[in-house]
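First the structure, in the form of structure tokens, and then the observations on it.
Protein chains: 2
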Amino acid sequence: MSYDDRRIEVAKAAWRVIGREGLDRASMRAIAQELGSSTGVVTHYFRDKEELTLFALEQVFENVLEDMKVCAKGRQGIDRLEQMIFAALPLEATDREDWKVWVAFLGYSIGRKHLVQEHRKRYDFLRQIICQELADLRTDKLIRAELDLTLEANALIALVDGIGTGVVIYPEQFSAEQQQYLVRRHINALLASS
Amino acid sequence: MSYDDRRIEVAKAAWRVIGREGLDRASMRAIAQELGSSTGVVTHYFRDKEELTLFALEQVFENVLEDMKVCAKGRQGIDRLEQMIFAALPLEATDREDWKVWVAFLGYSIGRKHLVQEHRKRYDFLRQIICQELADLRTDKLIRAELDLTLEANALIALVDGIGTGVVIYPEQFSAEQQQYLVRRHINALLASS
DNA sequence: GCAATATTACAACAGTTGTTATGCCACCTG
DNA sequence: CAGGTGGCATAACAACTGTTGTAATATTGC
């Protein structure tokens, strides 16, 4: 196994512990135990704990981006946007673990300037992607021309974020169909009245 | 100053530290220092740290409930619901501190079953309140009859939650007017087409 | 098969944590 | 005034944290 693969394995162990026990209880020793080895391995592949946890978060984020890209592939119009958003929702139980890690990081970032900065970077990236999709839809006159695209992108992110945290705290709160229904209805409100 | 007042003072100090430094860095000593006294005071008024932090969270929650109640008073119809939701939004900079504490708690709850349970209790309470408002609106035929009120209440909470965390991470993301615009539009989609 | 390097284990470090016990001081009550 | 009580300070406790250094073991290249 290559260096990078082993690194990802360590991060996955961290990911599991964070989801199960929380971010502040994901100590080096707990992560090493989850990995089935000693802390020597963890410190060997990561300079310090922050590098490890940020790497784990980055993995989560990139997985979502990848899923969104896959869902977008070959689709067009409103359906394309919908499917991309759906990819970010915790539709299945397995997605919930990713959302747990995400929410844990959000809370952990409070009072830590550089961690907030990390989240801003990622929100920027997401907004840029969605903005581009909205711009394409507007060019095709599928959504109303007067919309503030940045605001609409932020609103979509907020809705997804709210649903995600809701599901993390209250898994039965939103079924997969209800999540999709809410997002669909939100997007429908943007459509050009033709 | 009475016992209960002093208790609240301690909780407010905790609240300030949590918002400024984060929940896991809000140690007993840090809270005592913020209060301008020793840890003896803190332990005197609270059995342990969890009792203190939960009490601080409860204060935040009840403040929001109180604001919602005040905003609802004397209003009726759609305007009443709107104003209640507005009361929960981080419209001003001062509201952001409450939201920081809330988000910090959400993240801290990951992996802690009884803390998740606490959040569920509060979400239950909020949903119940909003459900009642929606039911009243439906009785007056102001919103569509076929709506799933529980789902709609959860959706409203999710939207507010998403906006709140968005503002915490990215204060410039939503202006007060934009927040209100988004909520208003969301609610407008529920109106009976008359 | 030997040397060099990568990987891992383990122990020790200094610092911080929540909690508890003890003692001091002011205040109130009888 | 005696004595008890609530409020608070201080110190000590054991447990746990991230990090570092050292040494043992695998793996690789020649």
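Line by line, the protein sequences give chains X and R. Here the first sequence stands for residues 10 to 203, numbered as in my numbering. Here the second sequence stands for residues 10 to 203, numbered as in my numbering. For each residue, glycine too, the CB sits at the ideal point set by N, CA and C. From a predicted model like this one, the values you see are computed outputs, not experimental measurements.
Between residue i and chain R, is there a C-beta pair that is closer than 8 Å?
{"i": "X/Thr174", "result": "yes"}
{"i": "X/His53", "result": "no"}
{"i": "X/Ala113", "result": "yes"}
{"i": "X/Asn163", "result": "yes"}
{"i": "X/Tyr12", "result": "no"}
{"i": "X/Ala144", "result": "no"}
{"i": "X/Ala204", "result": "The displayed coordinates of chain X run from 10 to 203. Any statement about residue 204 of chain X would go beyond what the structure contains."}
Using a C-beta cutoff of 8 Å, does residue i count as contacting chain X?
{"i": "R/Ile119", "result": "yes"}
{"i": "R/Lys109", "result": "yes"}
{"i": "R/Ala185", "result": "no"}
{"i": "R/His123", "result": "no"}
{"i": "R/Asp170", "result": "yes"}
{"i": "R/Ile152", "result": "no"}
{"i": "R/Ile139", "result": "no"}
{"i": "R/Ile196", "result": "no"}
{"i": "R/Gln189", "result": "no"}
{"i": "R/Leu74", "result": "no"}
{"i": "R/Ile17", "result": "no"}
{"i": "R/Leu160", "result": "yes"}
Counting C-beta neighbours from all protein chains within 10 Å, is the total for residue i 16 or more, i.e. buried, or is it exposed?
{"i": "X/Asp88", "result": "exposed"}
{"i": "R/Gln85", "result": "exposed"}
{"i": "R/Phe55", "result": "buried"}
{"i": "R/Val51", "result": "buried"}
{"i": "R/Lys109", "result": "buried"}
{"i": "R/Asp107", "result": "buried"}
{"i": "X/Glu161", "result": "buried"}
Could you check which residue in the options has the C-alpha nearest to that of residue i?
{"i": "R/Thr174", "options": "X/Gly116, X/Gln92, X/Ala97 and X/Leu199", "result": "X/Gly116"}
{"i": "X/Arg193", "options": "X/Val112, X/Met93 and X/Thr62", "result": "X/Met93"}
{"i": "R/His123", "options": "R/Glu59, R/Leu90 and R/Glu75", "result": "R/Glu59"}
{"i": "X/Glu71", "options": "X/Leu151, X/Lys130 and X/Gly120", "result": "X/Lys130"}
{"i": "X/Asp145", "options": "X/Arg105, X/Leu90, X/Phe114 and X/Leu168", "result": "X/Leu90"}
{"i": "R/His128", "options": "X/Leu32, X/Ala164 and X/Val177", "result": "X/Val177"}
{"i": "X/Lys150", "options": "X/Ser202, X/Ala167, X/Ser47 and X/Ile196", "result": "X/Ser202"}
{"i": "X/Ala97", "options": "X/Leu156, X/Ser36 and X/Val69", "result": "X/Val69"}
{"i": "R/Leu63", "options": "R/Gln137, R/Ala113 and R/Leu158", "result": "R/Ala113"}
{"i": "R/Asn197", "options": "R/Ile172, R/Ala164 and R/Ile152", "result": "R/Ile152"}
{"i": "R/Asn163", "options": "R/Ala154, R/Thr148 and R/Glu142", "result": "R/Glu142"}
{"i": "X/Gln218", "options": "X/Leu200, X/Glu181 and X/Ile172", "result": "One cannot answer for residue 218 of chain X here, as it falls past the ends of chain X, which runs 10 to 203."}
{"i": "R/Asp157", "options": "R/Asp170, R/Val169, R/Leu168 and R/Ile139", "result": "R/Ile139"}
{"i": "X/Gly28", "options": "X/Val169, X/Ala102 and X/His195", "result": "X/Ala102"}
In chain order, each alpha helix (DSSP H) run of at least 4 residues that lies wholly inside the segment 43-99 of chain X | You should have 48-54, 58-81 and 86-97.
Which residues, in chain order, does the segment 21-51 of chain R contribute to contact with chain X at a C-beta distance below 8 Å?
-> The segment 21-51 of chain R vs chain X, Cβ under 8 Å: Ile27, Gly28, Arg29, Glu30, Gly31, Leu32, Asp33 and Arg34.
Residues in the segment 77-107 of chain R having any Cβ partner in chain X nearer than 8 Å = Listed by position, the residues of the segment 77-107 of chain R near chain X (Cβ gap below 8 Å) amount to none.
The segment 127-138 of chain R: which residues have C-beta closer than 7 Å to a C-beta of chain X, in chain order?
-> Of all residues in the segment 127-138 of chain R, those with a C-beta nearer than 7 Å to a C-beta of chain X are His128, Arg129 and Tyr132, reading in chain order.
At a Cβ cut of 9 Å, what residues of the segment 54-72 of chain X count as close to chain R, listed as they run along the chain?
-> Listed by position along the chain: nothing, the set is empty.
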